[in-house]
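Here the structure is laid out as structure tokens; the discussion comes afterwards.
Number of protein chains: 2
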Amino acid sequence: MFEGSKPKVDDVARLAGVSTATVSRVLNTPERVSEKTRKKVGAAVEELGYTPNFGGRYLASQTSRTMGAIIPTMENAIFAKGIQAFQEVLADAGITLLISTSSYDHEQEFENIRTLIGQGAEGLLLIGTARPQSTYDFLARRNIPYVIAWNHRWDGKHLYVGFDNHAAMRELTQTVLEMGHKDIAMIAGPTQFNDRIEDRIAGAKAAIEEVEGAQLILKSCASNYSPSLAGQAFAELMQLNHKPSVILCSNDVLAVGAIMQARKMNISVPEDISITGFDDIDIAEIVTPTLATVHVPHGRMGQAAAGLLLKMRAGDTNNKSIKLSTNTVVRNSLRHYP
Amino acid sequence: MFEGSKPKVDDVARLAGVSTATVSRVLNTPERVSEKTRKKVGAAVEELGYTPNFGGRYLASQTSRTMGAIIPTMENAIFAKGIQAFQEVLADAGITLLISTSSYDHEQEFENIRTLIGQGAEGLLLIGTARPQSTYDFLARRNIPYVIAWNHRWDGKHLYVGFDNHAAMRELTQTVLEMGHKDIAMIAGPTQFNDRIEDRIAGAKAAIEEVEGAQLILKSCASNYSPSLAGQAFAELMQLNHKPSVILCSNDVLAVGAIMQARKMNISVPEDISITGFDDIDIAEIVTPTLATVHVPHGRMGQAAAGLLLKMRAGDTNNKSIKLSTNTVVRNSLRHYP
DNA sequence: TTAATTTATGTAAGCGATTACATCTAATTT
DNA sequence: AAATTAGATGTAATCGCTTACATAAATTAA
Numbered sequence: 001m002f003e004g005s006k007p008k009v010d011d012v013a014r015l016a017g018v019s020t021a022t023v024s025r026v027l028n029t030p031e032r033v034s035e036k037t038r039k040k041v042g043a044a045v046e047e048l049g050y051t052p053n054f055g056g057r058y059l060a061s062q063t064s065r066t067m068g069a070i071i072p073t074m075e076n077a078i079f080a081k082g083i084q085a086f087q088e089v090l091a092d093a094g095i096t097l098l099i100s101t102s103s104y105d106h107e108q109e110f111e112n113i114r115t116l117i118g119q120g121a122e123g124l125l126l127i128g129t130a131r132p133q134s135t136y137d138f139l140a141r142r143n144i145p146y147v148i149a150w151n152h153r154w155d156g157k158h159l160y161v162g163f164d165n166h167a168a169m170r171e172l173t174q175t176v177l178e179m180g181h182k183d184i185a186m187i188a189g190p191t192q193f194n195d196r197i198e199d200r201i202a203g204a205k206a207a208i209e210e211v212e213g214a215q216l217i218l219k220s221c222a223s224n225y226s227p228s229l230a231g232q233a234f235a236e237l238m239q240l241n242h243k244p245s246v247i248l249c250s251n252d253v254l255a256v257g258a259i260m261q262a263r264k265m266n267i268s269v270p271e272d273i274s275i276t277g278f279d280d281i282d283i284a285e286i287v288t289p290t291l292a293t294v295h296v297p298h299g300r301m302g303q304a305a306a307g308l309l310l311k312m313r314a315g316d317t318n319n320k321s322i323k324l325s326t327n328t329v330v331r332n333s334l335r336h337y338p
Numbered sequence: 339m340f341e342g343s344k345p346k347v348d349d350v351a352r353l354a355g356v357s358t359a360t361v362s363r364v365l366n367t368p369e370r371v372s373e374k375t376r377k378k379v380g381a382a383v384e385e386l387g388y389t390p391n392f393g394g395r396y397l398a399s400q401t402s403r404t405m406g407a408i409i410p411t412m413e414n415a416i417f418a419k420g421i422q423a424f425q426e427v428l429a430d431a432g433i434t435l436l437i438s439t440s441s442y443d444h445e446q447e448f449e450n451i452r453t454l455i456g457q458g459a460e461g462l463l464l465i466g467t468a469r470p471q472s473t474y475d476f477l478a479r480r481n482i483p484y485v486i487a488w489n490h491r492w493d494g495k496h497l498y499v500g501f502d503n504h505a506a507m508r509e510l511t512q513t514v515l516e517m518g519h520k521d522i523a524m525i526a527g528p529t530q531f532n533d534r535i536e537d538r539i540a541g542a543k544a545a546i547e548e549v550e551g552a553q554l555i556l557k558s559c560a561s562n563y564s565p566s567l568a569g570q571a572f573a574e575l576m577q578l579n580h581k582p583s584v585i586l587c588s589n590d591v592l593a594v595g596a597i598m599q600a601r602k603m604n605i606s607v608p609e610d611i612s613i614t615g616f617d618d619i620d621i622a623e624i625v626t627p628t629l630a631t632v633h634v635p636h637g638r639m640g641q642a643a644a645g646l647l648l649k650m651r652a653g654d655t656n657n658k659s660i661k662l663s664t665n666t667v668v669r670n671s672l673r674h675y676p
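Here the protein sequences line up with chains U and Z, keeping their order. Residue 338 is where the first sequence ends in my numbering, and the numbering goes up by one at each step. Residue 676 is where the second sequence ends in my numbering, and the numbering goes up by one at each step.
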């Protein structure tokens, strides 16, 4: 009780009157130990409050039962649900998840990858594809299984567990076009470290090019998760002579920023202008008017990513990317034009 | 490049033509190595893409440079900002953060604690005080530094980095009372694993008892983070003969649930009824009407918790709890009565 | 009953790093 | 120039655990 130091296998072994090997077996392969000793050892473990030291275990067994996830930020709800689901599946399989955030920075992401690998991560969840080739080379050289989530491409370069941002945005845009909109603006954050946004922009463009007379005004926003910067972008769009009738935002956070700004400026949505988002996070249904957006199955994506990594960890080499479907959700922020 | 196996100190040492001890010194105490060898070793590390193995390092040095945080859930934005700040401070100090979620379950939290300690966590961030004594005993026996965040009590039992939920709720309630409300309802989630909610309820009661003729109807909600269950609780309150003029919700998520339900039922907030929340997360300003709530400095709390744990890790034993101040934010969902 | 097999347990060699201590070289002092 | 000291590097023990192999005990077969 007053011993600050942690009990070790030897302590447990001594108390239970067995060898350290037996203690280890009880912990790792209980079926190989007789009922009787199993109980003795169990009692000793309990009494001492023993927890195996990860370092020793990892070193000896060469397996860490650990995986890593690197997300751009936790502040944004976009990743929360997916990561939560990811973690739950791993926890059920007895795997600990290490999470770190890269702040949308390649160097920091690389540092995080190094650290996680050093910590013994047996698999990595990465968000999106945009990162230097050197990072991929590092991963390949080390032979670390990883999956790319939140996006899906057909390039066959990586294992994806995500959705087709291009197709999803294209579909949403088609819906918008069918409603009669021709003058379409888009507020999107930086694409430099964010392939998802890049694909969404391309998807919108593709849809618009198919319709005669429709045109896109692309307005960039300095951040992908700052409602106030999106509000600023909205305000600038409203100063144009030829105003758009709808604004597609690259995600829900920006869309909400735009809606809030519209309210401030006494511009009513959707009467004066329609606004759409992407992701369908909680706020999409909370904001007034409710936000038309693209629904993304975040939970299922996290689960699928975990499942895939677990399979890879088990040695399964014949794995395929998983494409999840999204769907356009029309809500009050979007209406027919005129 | 094609070697799947990870390079080890020996590999680096061989390539650089030095001993493993020197490689280790370059990595950990570079000032003890001559400029020349430092460069040689650095080049070798670079060429091999070497990352020290955590297990070996931890075992030998007895220091993991790792801390753990256990939060009830990630789905709820309530913890995101604080944890993000916590992680940033740790990362700056070169400490890796391990995060796991307990789903508001004591057993699972205990399991997580064991795992994190096994992983070498040198400090733990826990949310709130409500957990079995046995968990605290375990922590004490192992001599693991921990801080309790998201709450602050004067009992001197733990190191807190948080705010006084009781006082904060009391202050909000006083504001409500000063606006003339007498019939006050409160929607609160389960208190069983959640001391913060318990304190908030007590705080509201304390304020109400001070005012003659004021009374509290406590309506419990089966979850602390389900807007729809809060909506249900709201609907039930609306069936009372003697309806309250204001509903205090134990957090913003529940408050938003109540507001949404009110809208569905064609009850207007705040004309027909006022609603308040707690936490001041993003949605408080997004929802219509904007939500009156208690502002909590989540970011500063995370930073302070990290700072405190770092100090404890450095051996500083004379640490004190940190109480952060909150403030009542009156917004449109709350108005004078009548 | 003895031999063969199965099952349970123990012994001891690593796993990959760090670090106390020893050694060697170079710089400084006397 | 010899003696002392400081600085750089190497040698080898060590951290806590797992596991291949060896051994002992229990069971089954012959």
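Here a beta-carbon is modelled for each residue, glycine too, at the ideal position from N, C-alpha and C. None of the values given here were measured: they were computed from a predicted structure.
9 Å Cβ cut-off: residues of chain U touching residue i
i                         : result
isoleucine 624 of chain Z : Pro227, Val256, Ile259, Met260, Ile283, Ile286, Val287 and Thr288
glutamine 425 of chain Z  : Met74, Ile99, Ser100 and Thr101
glutamine 422 of chain Z  : Thr73, Met74, Glu75 and Thr101
Cα-Cα separation, residue i to residue j
i                            : j                         : result
alanine 506 of chain Z       : histidine 674 of chain Z  : 20 Å
threonine 664 of chain Z     : asparagine 266 of chain U : 32 Å
arginine 25 of chain U       : arginine 32 of chain U    : 7 Å
methionine 639 of chain Z    : glycine 461 of chain Z    : 16 Å
serine 226 of chain U        : leucine 254 of chain U    : 7 Å
histidine 166 of chain U     : aspartate 199 of chain U  : 5 Å
methionine 339 of chain Z    : lysine 346 of chain Z     : Summary for methionine 339 of chain Z: the model assigns pLDDT 34, below 50, so the residue's position carries little reliability, and this model does not support an answer.
glycine 17 of chain U        : aspartate 10 of chain U   : 10 Å
glutamate 3 of chain U       : lysine 658 of chain Z     : Bear in mind that a pLDDT of 47 at glutamate 3 of chain U, under 50, signals an unreliable position, so the number given afterwards is only what the model happens to contain. Between glutamate 3 of chain U and lysine 658 of chain Z, the C-alpha separation is close to 24 Å.
asparagine 224 of chain U    : isoleucine 273 of chain U : 22 Å
phenylalanine 392 of chain Z : glutamate 447 of chain Z  : 25 Å
threonine 101 of chain U     : glycine 68 of chain U     : 11 Å
leucine 435 of chain Z       : aspartate 620 of chain Z  : 25 Å
Where the beta strand (DSSP E) through residue i begins and ends
i                         : result
tyrosine 160 of chain U   : 160 to 163
methionine 312 of chain U : Segment 298 to 313 is the alpha helix (DSSP H) holding methionine 312 of chain U; no beta strand (DSSP E) there.
Chain U contact residues for residue i, given Cβ-Cβ distances below 7 Å
i                            : result
threonine 453 of chain Z     : Thr96
phenylalanine 476 of chain Z : Gly49
lysine 344 of chain Z        : Arg142
Listed by chain order, chain Z residues near residue i by CB distance under 8 Å
i                     : result
leucine 59 of chain U : Asn391, Gly393, Gly394 and Leu397
Sheet register partners of residue i (DSSP bridge)
i                         : result
isoleucine 247 of chain U : U/Ala185 and U/Ile275
leucine 216 of chain U    : U/Ile184
tyrosine 721 of chain Z   : Lying outside 339 to 676, the shown extent of chain Z, residue 721 of chain Z is not represented and no answer is given.
isoleucine 99 of chain U  : U/Ala69
threonine 666 of chain Z  : Z/Val632
lysine 661 of chain Z     : Z/Gly500
valine 33 of chain U      : Beta-bridge pairing links valine 33 of chain U to no other residue.
valine 625 of chain Z     : U/Val287
Extent of the continuous alpha helix (DSSP H) run through residue i
i                         : result
glutamate 88 of chain U   : 77 to 92
histidine 106 of chain U  : 106 to 118
leucine 397 of chain Z    : 392 to 399
leucine 15 of chain U     : 9 to 16
isoleucine 535 of chain Z : 533 to 547
asparagine 28 of chain U  : 20 to 28
glycine 49 of chain U     : Element bounds for glycine 49 of chain U: n/a, residue is neither H nor E.
glutamine 232 of chain U  : 227 to 237
glutamine 261 of chain U  : 252 to 264
Under 8 Å by beta carbon: chain U residues contacting residue i
i                      : result
glycine 458 of chain Z : Asn53, Phe54 and Gly55
lysine 495 of chain Z  : In chain order: nothing, as chain U lies at least about 18 Å away.
Contacts of residue i in chain Z (Cβ-Cβ under 7 Å)
i                    : result
lysine 81 of chain U : Glu413
Kindly confirm or deny that the stretch 203 to 210 of chain U and the stretch 234 to 241 of chain U touch, where touching means at least three C-beta pairs closer than 8 Å. Taking a cut-off of 8 Å for Cβ pairs, the stretch 203 to 210 of chain U and the stretch 234 to 241 of chain U do not touch, as fewer than three such pairs fall below it.
Assess contact between the stretch 638 to 658 of chain Z and the stretch 474 to 493 of chain Z, defined as three or more Cβ pairs (one per stretch) separated by less than 8 Å. Is contact present? Yes, since at least three Cβ pairs between the stretch 638 to 658 of chain Z and the stretch 474 to 493 of chain Z fall closer than 8 Å, the two stretches touch.
Touching by the beta-carbon criterion (3+ pairs, under 8 Å), the stretch 54 to 66 of chain U and the stretch 103 to 121 of chain U: These segments touch.
Can you confirm whether the stretch 78 to 87 of chain U touches the stretch 421 to 428 of chain Z when touching is taken to mean that 3 or more C-beta pairs between the two stretches lie within less than 8 Å? The stretch 421 to 428 of chain Z, when compared against the stretch 78 to 87 of chain U, does not touch it at the 8 Å Cβ threshold.
Give a yes or no on contact between the stretch 273 to 291 of chain U and the stretch 171 to 183 of chain U, applying the rule of three or more CB pairs nearer than 8 Å. Taking a cut-off of 8 Å on C-beta distances, the stretch 273 to 291 of chain U touches the stretch 171 to 183 of chain U, as three or more cross pairs fall below it.
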